[in-house]
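Peer 1:
Number of protein chains: 2
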Amino acid sequence: MSTHPERTEPTIVRTVAELKAAGRELLESAAAAGRTASLGLVPTMGALHEGHARLIAQARAENAVVVVTDFVNRLQFDDPADYERYPRVLEADLAVAGDAGADLVFVPEEREVYPDGRPRILLSAGTLGEKFEGASRPGHFDGMLTVVAKLLHYGMPDPATAAATGYRVYFGQKDAQQLAIVQRMVHDLDYPVEIRPVPIVRSAEGLALSSRNQFLSDAEAEAALVLSRSLFLMKERAEAHLPLAPDDALDMIASAPGVQLDYFEVVDPSTLEPLAFNCAETPFTGEALVLVAARIGSVRLIDNMPLRAD
Amino acid sequence: MSTHPERTEPTIVRTVAELKAAGRELLESAAAAGRTASLGLVPTMGALHEGHARLIAQARAENAVVVVTDFVNRLQFDDPADYERYPRVLEADLAVAGDAGADLVFVPEEREVYPDGRPRILLSAGTLGEKFEGASRPGHFDGMLTVVAKLLHYGMPDPATAAATGYRVYFGQKDAQQLAIVQRMVHDLDYPVEIRPVPIVRSAEGLALSSRNQFLSDAEAEAALVLSRSLFLMKERAEAHLPLAPDDALDMIASAPGVQLDYFEVVDPSTLEPLAFNCAETPFTGEALVLVAARIGSVRLIDNMPLRAD
Numbered sequence: 001m002s003t004h005p006e007r008t009e010p011t012i013v014r015t016v017a018e019l020k021a022a023g024r025e026l027l028e029s030a031a032a033a034g035r036t037a038s039l040g041l042v043p044t045m046g047a048l049h050e051g052h053a054r055l056i057a058q059a060r061a062e063n064a065v066v067v068v069t070d071f072v073n074r075l076q077f078d079d080p081a082d083y084e085r086y087p088r089v090l091e092a093d094l095a096v097a098g099d100a101g102a103d104l105v106f107v108p109e110e111r112e113v114y115p116d117g118r119p120r121i122l123l124s125a126g127t128l129g130e131k132f133e134g135a136s137r138p139g140h141f142d143g144m145l146t147v148v149a150k151l152l153h154y155g156m157p158d159p160a161t162a163a164a165t166g167y168r169v170y171f172g173q174k175d176a177q178q179l180a181i182v183q184r185m186v187h188d189l190d191y192p193v194e195i196r197p198v199p200i201v202r203s204a205e206g207l208a209l210s211s212r213n214q215f216l217s218d219a220e221a222e223a224a225l226v227l228s229r230s231l232f233l234m235k236e237r238a239e240a241h242l243p244l245a246p247d248d249a250l251d252m253i254a255s256a257p258g259v260q261l262d263y264f265e266v267v268d269p270s271t272l273e274p275l276a277f278n279c280a281e282t283p284f285t286g287e288a289l290v291l292v293a294a295r296i297g298s299v300r301l302i303d304n305m306p307l308r309a310d
Numbered sequence: 001m002s003t004h005p006e007r008t009e010p011t012i013v014r015t016v017a018e019l020k021a022a023g024r025e026l027l028e029s030a031a032a033a034g035r036t037a038s039l040g041l042v043p044t045m046g047a048l049h050e051g052h053a054r055l056i057a058q059a060r061a062e063n064a065v066v067v068v069t070d071f072v073n074r075l076q077f078d079d080p081a082d083y084e085r086y087p088r089v090l091e092a093d094l095a096v097a098g099d100a101g102a103d104l105v106f107v108p109e110e111r112e113v114y115p116d117g118r119p120r121i122l123l124s125a126g127t128l129g130e131k132f133e134g135a136s137r138p139g140h141f142d143g144m145l146t147v148v149a150k151l152l153h154y155g156m157p158d159p160a161t162a163a164a165t166g167y168r169v170y171f172g173q174k175d176a177q178q179l180a181i182v183q184r185m186v187h188d189l190d191y192p193v194e195i196r197p198v199p200i201v202r203s204a205e206g207l208a209l210s211s212r213n214q215f216l217s218d219a220e221a222e223a224a225l226v227l228s229r230s231l232f233l234m235k236e237r238a239e240a241h242l243p244l245a246p247d248d249a250l251d252m253i254a255s256a257p258g259v260q261l262d263y264f265e266v267v268d269p270s271t272l273e274p275l276a277f278n279c280a281e282t283p284f285t286g287e288a289l290v291l292v293a294a295r296i297g298s299v300r301l302i303d304n305m306p307l308r309a310d
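So the sequences go chain by chain: A and B. Residues in the first sequence are numbered consecutively from 1, following my numbering. Residues in the second sequence are numbered consecutively from 1, following my numbering.
1. Who are the neighbours of B/A47 on chain A, taking C-beta pairs under 7 Å?
2. Ignore the nearest five residues each way along the sequence and tell me which others in A/V65's own chain have a CB closer than 8 Å to its CB.
3. Tell me which residue opens and which closes the beta strand (DSSP E) that B/F106 is part of.
4. Can you give me the start and stop residues for the alpha helix (DSSP H) that A/P80 sits inside?
5. Comparing alpha-carbon positions, which option in B/M45, B/E112, B/L75, B/I121 lies nearest B/Y86?
6. Since A/V259 and A/V226 should fall inside the 8 Å C-beta cutoff, what is the C-beta to C-beta distance between them, to a whole number of angstroms?
7. Since I believe A/D70 is in contact with A/D99 (beta carbons under 8 Å), could you give me their beta-carbon distance rounded to a whole number of angstroms?
8. Between B/Y170 and chain A, is there a C-beta pair that is closer than 9 Å?
9. Taking Cβ positions only, does B/D103 come closer than 9 Å to chain A?
10. Candidates A/E222, A/V198, A/A53: which alpha carbon is nearest A/A204's?
11. Any C-beta of chain A sitting closer than 9 Å to the C-beta of B/G143?
12. DSSP three-state label for A/V96, please.
13. Candidates B/D116, B/R54, B/I302: which alpha carbon is nearest B/P199's?
14. So the candidates are A/V113, A/F277, A/S136, A/P119; which of them puts its Cα closest to the Cα of A/D78?
15. Classify B/H4 as buried or exposed, calling it buried when 16 or more other Cβ atoms lie within 10 Å of its own Cβ.
16. Can you name the residues of chain B whose CB is closer than 7 Å to the CB of A/K150?
17. DSSP three-state call for B/R54: helix, strand or coil?
18. From the beta carbon of A/I302, is the nearest beta carbon of chain B less than 9 Å away?
19. What are the residues in the stretch 94-123 of chain A lying within 7 Å of chain B by C-beta distance?
20. Output the distance between the C-alpha atoms of B/H52 and B/G172, rounded to the nearest integer angstrom.
21. Would A/K131 pass as an interface residue toward chain B - the criterion being a Cβ-Cβ separation below 9 Å?
22. Do B/E220 and B/G297 have their C-beta atoms within less than 9 Å of each other?
23. Can you list, in chain order, the residues of its chain whose CB lies under 8 Å from that of A/E62, leaving out five sequence neighbours each side?
24. Whole beta strand (DSSP E) runs in the stretch 14-70 of chain B with 3 or more residues, listed along the chain?
25. List the whole-angstrom C-beta distance separating A/E50 from A/V201, where the pair is believed to meet the contact cut-off of C-beta under 8 Å.
26. Thinking B/M254 and B/F264 are a contact (beta carbons under 8 Å), I'd like their distance in whole angstroms, please.
27. Under 6 Å Cβ to Cβ from B/E239, same chain only, skipping five residues before and after it: list those, please.
28. Near B/L261, which residues of its chain fall below 6 Å by C-beta distance, leaving aside the five closest residues on each side in sequence?
29. Should A/P157 go down as buried or exposed, given a rule of 16 or more other Cβ atoms within 10 Å for buried?
30. In chain order, what residues of the same chain lie with their CB nearer than 8 Å to the CB of A/G312, ignoring the 5 residues before and after it?
31. Name the DSSP bridge partner or partners of A/A294?
32. Going by DSSP, which residues form a beta bridge with B/Y191?
33. At 7 Å on the CB atoms, spell out the chain A contacts of B/A32, in chain order.
34. Residues of chain A with CB closer than 8 Å to the CB of B/E157, please, in chain order.
35. Do you know offhand how far A/A245's Cα is from B/R118's?
36. Ends of the alpha helix (DSSP H) at B/Y114?
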């Protein structure tokens, strides 16, 4: 699939009707030009950083049409104050989205997405949404799934569009639990869409990019590196078919100054349940996911690492 | 839209892949023949009677391709014994579906719909699913919505199918709460589909058709007529712009031998909340829905009537 020959400003669309009309027009142009008329959707809550840019760039590389959605979803905030102070920086977002290759940026008013206020029918993430990040945020993943279910329908190519031949939706691996739950929704409810996970973007030292990193002091940023170091230790052991022995990683984290561990777990990537084998003693084989969350000063960070050894 | 020139046996499809392939082929044939390539989906749990036939016939009249789904959805039964004894009469269903004009009948094995057993991600009907029929059947409407969400995706025309130009899904008005909840799901989650409600089919005396009517004795069937009579009384008053005065209808039902009323309520058709005006004294205007449920001997029956007066 080609990249854009020339970077242009993305088009802002504000209503679902505009989004569908503009998406259809772009798909039809692509088909008319003999290209594979697929659409890539990148759902975001704005405040775009390099991690989002990677999502958009991958969507650009794989699809004729790229749509970024930029909407702060009230439904997934359990704390109204947190919702109110969530950054809204549309001008900066448009620059990031445009540089990364978005064609359309969907920036709806809240009443466009929730015309009747809180929806009466919601998605329920069940027990998958009650652990890890969901443990302290009741309703968060139900609210996330509900807006994703809506956004998937907004972006879905209309069958009346001749020759649309693919629909892919991009999520970052950084929010591993969100990704697992969305993949499960698409599987369980048979959404006709392909979910494309995009790897975490890290600083040169290994810190997973996050809009929250800006709140770390230099010393805290240094201390935070223990999170990715502990994950890379697990990855090395997995790929060497050694026992993961997570206690060593836990010791590393415990020895870092000012790092308060929330959780560090080795789980099944799709069910997020603890692995059935003894990580301390059994040589690693198969697939797993290591999840970590910690507070460093006043900043809470999450990170994770997929493990695989055949 | 034309009716079928000649009645043929419907094609049985057993997997989602077969359903999608067969649906696509029929849509493409219709488009090639210059017809409007729309698809009508009729979700059922089988045990088809004249009420279902009416749904299928309406889908036939409005669409180039008609798909009936015939699947007893374990997820919406709160009582496993009730699930086990639910009638499964595929041969008879095929005759009804074929006579009414179905092209395809989707008859999946349970493992096709629920390959991993109970889904982890469910739809939640919220408070709409907790009243009336939901009051005595916890989880019923969540399970119904979840399978409908899946079926809507199964039947959805593939954008790669050139010229598919409509997707309609048919539900009977008999199950008024189910219809209201499905309409709310499509609205709240923006399913790209049109829900088409189909009016209740009644016997000459007025009894709403139901597979349960066969369990009524002659005397019980006579007594059961009070339900539709009470509803038609409400309809006459609504259309005459009189107060509905539901106490009169309640008196009628109370005087019928062996009829144990469960509920009789005048509600808002979309929220199922009680009407905001005084039904006893205020002349009727606008829209409403009357819901009734009663036990007659060992048989529980439901019926309802939409009211409208401009």
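Glycine included, C-beta positions come from ideal geometry on N, C-alpha and C.
Peer 2: Once the coordinates are examined:
1. The sequence position of residue 47 of chain B within the second sequence is 47, counting from 1. None at all; the shortest Cβ gap to chain A is about 24 Å.
2. Translated into positions along the first sequence, residue 65 of chain A becomes position 65. Closer than 8 Å at Cβ, skipping near neighbours: G23, L26, L27, A30, A37, S38, L39, G40, D103, L104.
3. Indexing the second sequence from 1 puts residue 106 of chain B at position 106. It spans 104-106 - the beta strand (DSSP E) in which B/F106 sits, taken as one unbroken run.
4. In the first sequence, the residue the question calls residue 80 of chain A occupies position 80. Residues 80-85.
5. Taking the first residue of the second sequence as position 1, residue 86 of chain B is located at position 86. For the residues B/M45, B/E112, B/L75, B/I121, the minimum Cα distance to B/Y86 belongs to B/M45.
6. Walking along the first sequence from the start, residue 259 of chain A turns up at place 259. Walking along the first sequence from the start, residue 226 of chain A turns up at place 226. About 6 Å; that satisfies the 8 Å criterion.
7. Along the first sequence, read from residue 1 onward, the residue named residue 99 of chain A stands at position 99. Along the first sequence, read from residue 1 onward, the residue named residue 70 of chain A stands at position 70. 15 Å between Cβ atoms; not a contact.
8. Numbered from 1 along the second sequence, position 170 holds the residue referred to as residue 170 of chain B. Cβ-Cβ to chain A under 9 Å: no for B/Y170.
9. What you label residue 103 of chain B is simply residue 103 of the second sequence in a count that begins at 1. B/D103 does not count as touching chain A.
10. By one-based count along the first sequence, residue 204 of chain A stands at place 204. A/A204 has its Cα closest to that of A/E222, out of A/E222, A/V198, A/A53.
11. The residue you call residue 143 of chain B lines up with position 143 of the second sequence. By this cut-off, B/G143 is not an interface position.
12. Working through the first sequence from its first residue, we reach residue 96 of chain A at position 96. It is helical.
13. Reading the second sequence from its first residue, position 199 is the one you call residue 199 of chain B. The candidate whose alpha carbon is nearest that of B/P199 is B/R54.
14. As a first step, residue 78 of chain A is located in the first sequence; it is residue number 78 there, counting from the start. With distances taken between Cα atoms, A/D78 lies closest to A/S136.
15. As a position in the second sequence, residue 4 of chain B is number 4, starting the count at 1. Here B/H4 scores only 49 on pLDDT, less than 50, and its place in the model is too uncertain to base an answer on.
16. Within the first sequence, the letter at position 150 stands for residue 150 of chain A. Correct list: L189, D190.
17. Along the second sequence, one-based indexing puts residue 54 of chain B at 54. In this structure, B/R54 counts as helix in the three-state DSSP scheme.
18. Here residue 302 of chain A refers to the residue found at position 302 when the first sequence is read from its first residue. So, not an interface residue.
19. P119, R120, I121, L122, L123
20. Position 52 of the second sequence, counting from 1, holds the residue named residue 52 of chain B. Position 172 of the second sequence, counting from 1, holds the residue named residue 172 of chain B. Distance between the alpha carbons of B/H52 and B/G172: 8 Å.
21. By one-based count along the first sequence, residue 131 of chain A stands at place 131. No, its Cβ sits nowhere closer than 9 Å to a Cβ of chain B.
22. By 1-based counting over the second sequence, the position of residue 220 of chain B is 220. By 1-based counting over the second sequence, the position of residue 297 of chain B is 297. Yes, Cβ-Cβ distance for B/E220 and B/G297 is below 9 Å.
23. Position 62 of the first sequence, counted from the start, is the residue given in the question as residue 62 of chain A. Closer than 8 Å at the Cβ level, and outside the excluded window around A/E62, lie M1, S38, G40, R168, R196.
24. 37-44, 65-70
25. Within the first sequence, residue 50 of chain A is the residue found at index 50, counting from 1. Within the first sequence, residue 201 of chain A is the residue found at index 201, counting from 1. Correct: roughly 5 Å between the Cβ atoms.
26. Here residue 254 of chain B refers to the residue found at position 254 of the second sequence. Here residue 264 of chain B refers to the residue found at position 264 of the second sequence. It should be pointed out that residue 254 of chain B corresponds to Ala in this sequence rather than to Met. Going by Cβ atoms, the distance from B/A254 to B/F264 rounds to 10 Å, so no, they are not a contact pair.
27. Here residue 239 of chain B corresponds to residue number 239 of the second sequence, with the count starting at 1. A309.
28. Residue numbering aside, residue 261 of chain B sits at position 261 when the second sequence is read from its first letter. I253, A294, listed in sequence order.
29. The residue labelled residue 157 of chain A in the question sits at position 157 within the first sequence. Buried: at least 16 other Cβ atoms inside 10 Å.
30. Because chain A spans 1 through 310 in this model, residue 312 of chain A falls outside it and cannot be assessed.
31. Taking the first residue of the first sequence as 1, we reach residue 294 of chain A at position 294. DSSP lists A/L261, A/L301 as partners of A/A294.
32. Reading the second sequence from its first residue, position 191 is the one you call residue 191 of chain B. Paired residue(s): none; B/Y191 is not in a bridge.
33. Walking along the second sequence from the start, residue 32 of chain B turns up at place 32. Within chain A, no residue comes near B/A32; the closest Cβ sits about 14 Å away, beyond 7 Å.
34. Position 157 of the second sequence, counted from the first residue, corresponds to residue 157 of chain B. The sequence shown places Pro at residue 157 of chain B, rather than the Glu named in the question. Neighbours of B/P157 on chain A, chain order: P159.
35. Counting from 1 along the first sequence, the entry for residue 245 of chain A is found at position 245. Counting from 1 along the second sequence, the entry for residue 118 of chain B is found at position 118. So the two alpha carbons sit approximately 34 Å from each other.
36. Locating residue 114 of chain B in the second sequence gives position 114, counting from the first residue. Note, B/Y114: premise wrong, no alpha helix (DSSP H); not H, not E.
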